[in-house]
């Protein structure tokens, strides 16, 4: 048996005990972790400097990108947010042991649907060491055991943060041993993905290619999104001002985000009024435009798009534009090329908007509002586990409740099925 | 591209359109299917007789078991239940397009969490042809596309039932083409399990080995339970009469059911009072008993159990009995050997019961009530998609809502994220 399986087994044992953790104990631990992180700040920054030194060489040699280097670097702001994030999770409602509903199925027999933790969560993340305290906090609050695997270039920072947290948990006797665990070797990822007898849910935090690799290589349910190919459809009945405001915000406010728009679909009837104004504004904002031939033929500020452009997440100030003949064509295009993330219709026609929102098969369907709102914090969840484009378990921005499932508690008083089969007793109707 | 992938692709296209099906149309179709099945009764029974003739040879040659032969046979009762089942699904509430919650995240911005179909459901079932109409009804009602694969020994019956249903759907123009599909070849199962780009959820209906095979061979989420190793723990504070009633019902009322009890755990303090009476009653009911050495040494009506007995689903009038020294030992035993299906504590001590129900990691945790209650109909769901022992999506008896997920609908009026980042506007607090 390899070490990863041993750790996963111990995490599973620990998960059973963690189910009984009281809210007060969990919040006490979280607040103590926040203090401990503050107290270990120097050690954590020293460890980060050591990682940055190695990374600087890799950067100079072209082995890593500047953005990867920047993600690795802790600074005062990131550290403050990291610590505040732990306190914020402490302030959230406990997602566990909450009665979803309760009813009497027969006289004297009460059925309760009650939330409970999932069990063992596996999180595989790249570079950003500030993710650790966030993930650990969410798992503590939801009473799940955790196996973390961070990037090797952040190994010293990860160790410093993780050990600070582990020391706190080890000092609180109510916390089961091995509830949180950290793996450091790249080879461990493969072993984690095979540990489907022990790990109940995998959450990758990182690039599209990381997410795709993980989805392709495990039978464990994965909570994530790979691509974020978001669309805005400018309907026949779109308002010009709203269109310009929303498109500029969706593309330019933070182009690297997964909820930024990548493709505009425009109803053919709006090529003459909305399109020229919108193109001017986009170009003014430094956006490079690629469009179909009918748009290229009437507008000299755009280049010709190829088929591949409808499939691309630019993550940059680039936008593809396509003419559609109808609402149906827009819906079909999005369902074919989209990534089930977030798609918006701009329209003053409620019927068109409702049709779009019903038939576009995405986790977020928007009407007259920027795609950049797709975010757990903006939705008011108080925390974001990730954004999921799966079709089961959890979808869209996932809050703390995405780390829970439910069990049925049935309370009787010596009741037997025979009495119901014989007709002596009857189940209650709703 | 093979035929199964083509069918799966077409089902996926159809699933998009099925999202827009109105409740009235779905119910109209279901009631029309019920009538059509009644009208095709002779054809269906003729087809079944033809399957039974072949199966009779297989039975004589020992190729199939008597119970498989009986599952294949339609009779008046099964047929009536089958038709009534379709009408019952028509009478259920529509699980789609129901607003889970709705809130204003900022002034003028409304977020709605709305239920929607999952997409394409794959169902692989053994022998029982009466399953078809049930599964099709549930998928129609939840607006999901469906790919069915039945057992080859029921091919004629399956075709007769399926074609009757298909004719009805084809006669209603609102129903998208290829919403329900049927595969007949054994080789198609493997291809279905690989179609993870098209099929969103697999539901196996059949033996433990079928479920295990499917779980081991697909990346598609599986809604099912493999084993049903249910426990009853007789606590230090158990009531004798309740214990005897519940244990007899849980073991004898229908021993082949997955929610029948397979292992009793008894607190050491109750070996002298409860055990002898319980053993007498079980033996009287024809139950064969296997127990640990401490029980064998004081009771001559039981045989010695081996380690393997704690892992076995007998599905028959056989019961294993183990002494435990404490509630904790009972909890640990169940979490180690159980199947996360349904486990019960018999106790008059509320604290012990709550601890058991909190720490036993099963989809159903019961207090003083027969394990045989674990059933979607008994829970009042009006339908049962299956019983799930997974840790994500759906758990325990799963009703129609297990075939749904949700999307977020966000309604704005030209709102942009920049205004919130700049501080010009603020999100509302809960």
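Protein chains in written order, with our numbering: chain R, 53 to 482; chain P, 53 to 482. Even for Gly, the Cβ is constructed at its ideal location relative to N, Cα and C.
Check: residue i C-beta below 8 Å from any heavy atom of the ligand ADP
| i | result |
| --- | --- |
| residue 61/R | Looking for the ligand ADP in the displayed structure turns up nothing, as the structure carries no ligands at all. |
Cutoff 6 Å; reference residue i; Cβ partners in own chain excluding five residues on either side
| i | result |
| --- | --- |
| residue 226/P | 77 |
| residue 356/R | 348 |
| residue 63/P | 172, 197, 199, 230 and 233 |
| residue 372/R | 315, 342, 357 and 361 |
| residue 396/P | 284, 418 and 423 |
Residue i - containing beta strand (DSSP E), residue span
| i | result |
| --- | --- |
| residue 177/R | 172-177 |
Host alpha helix (DSSP H) of residue i (start-end)
| i | result |
| --- | --- |
| residue 144/P | Note, residue 144/P: premise wrong, no alpha helix (DSSP H); not H, not E. |
| residue 123/P | 118-124 |
| residue 526/R | Summary: the structure shown does not reach residue 526/R, with chain R confined to residues 53 through 482, and so no result is reported for it. |
| residue 420/P | No alpha helix (DSSP H) contains residue 420/P, which is instead part of the beta strand (DSSP E) from 416-421. |
| residue 385/R | 379-389 |
| residue 313/P | That residue, residue 313/P, is in no alpha helix (DSSP H); its beta strand (DSSP E) goes 313-319. |
| residue 469/R | Premise fails: residue 469/R is in no alpha helix (DSSP H) and is neither H nor E. |
| residue 211/P | 207-222 |
| residue 84/P | 75-91 |
| residue 295/R | 292-304 |
| residue 60/R | 55-70 |
Beta-carbon proximity list for residue i, same chain, < 7 Å, skipping 5 on both sides
| i | result |
| --- | --- |
| residue 457/P | 168 and 170 |
| residue 209/P | 96, 99, 100, 103, 126 and 181 |
| residue 258/P | 177 and 178 |
| residue 75/R | 146 |
| residue 93/P | 131 |
| residue 301/P | 422 and 424 |
Inter-residue Cα distance where the pair is residue i and residue j
| i | j | result |
| --- | --- | --- |
| residue 141/R | residue 435/R | 7 Å |
| residue 120/R | residue 475/P | 30 Å |
| residue 219/P | residue 392/R | 33 Å |
| residue 156/P | residue 245/R | 39 Å |
| residue 163/R | residue 459/R | 10 Å |
| residue 303/P | residue 319/P | 19 Å |
| residue 381/P | residue 253/R | 27 Å |
| residue 34/P | residue 439/P | The structure shown does not extend to residue 34/P, since chain P spans only 53 to 482, so no value can be given for it. |
| residue 353/R | residue 325/R | 16 Å |
| residue 463/P | residue 72/P | 19 Å |
| residue 206/R | residue 138/R | 20 Å |
| residue 281/P | residue 56/R | 28 Å |
| residue 133/P | residue 338/P | 31 Å |
| residue 260/P | residue 279/P | 6 Å |
| residue 327/R | residue 426/R | 25 Å |
| residue 70/P | residue 148/P | 11 Å |
| residue 429/P | residue 84/R | 47 Å |
| residue 215/P | residue 228/P | 16 Å |
| residue 113/P | residue 122/P | 16 Å |
| residue 184/P | residue 374/P | 41 Å |
| residue 483/R | residue 276/R | Residue 483/R is absent from the model: chain R starts at 53 and stops at 482. |
| residue 224/R | residue 389/P | 30 Å |
Distance between beta carbons of residue j and residue i, contact taken as under 8 Å
| i | j | result |
| --- | --- | --- |
| residue 313/P | residue 299/P | 7 Å |
| residue 340/R | residue 369/R | 6 Å |
| residue 263/R | residue 201/R | Residue 263/R to residue 201/R, Cβ: 14 Å. No contact. |
| residue 452/P | residue 190/P | 6 Å |
| residue 89/R | residue 135/R | 5 Å |
| residue 367/R | residue 307/R | 7 Å |
| residue 107/P | residue 118/P | With a Cβ gap of about 10 Å, residue 107/P and residue 118/P do not count as contacting. |
| residue 217/P | residue 251/P | Not a contact, Cβ separation roughly 20 Å. |
| residue 296/R | residue 267/R | Contact doesn't hold; Cβ gap of about 37 Å is too wide. |
Residue(s) in a DSSP beta bridge with residue i
| i | result |
| --- | --- |
| residue 493/P | Here chain P covers residues 53 to 482 and nothing more, so residue 493/P does not appear. |
| residue 256/R | 176/R |
| residue 395/P | 283/P and 417/P |
| residue 358/R | According to DSSP, residue 358/R bridges with nothing at all. |
| residue 351/R | Its beta-bridge partners do not exist; DSSP assigns none. |
| residue 234/P | 200/P |
| residue 168/P | 457/P |
| residue 161/P | 158/P |
Contacts around residue i, its chain only, beta-carbon distance under 8 Å, and the 5 residues preceding and following it disregarded
| i | result |
| --- | --- |
| residue 291/R | 398, 400 and 420 |
| residue 288/P | 319, 321, 322, 379, 399, 401 and 404 |
| residue 158/R | 467, 472, 477, 478, 479 and 480 |
| residue 387/R | 411, 412 and 413 |
Chain-ordered neighbours of residue i on chain C, where CB pairs are closer than 9 Å
| i | result |
| --- | --- |
| residue 273/R | The structure shown has no chain C; the protein chains it does contain are R and P. |
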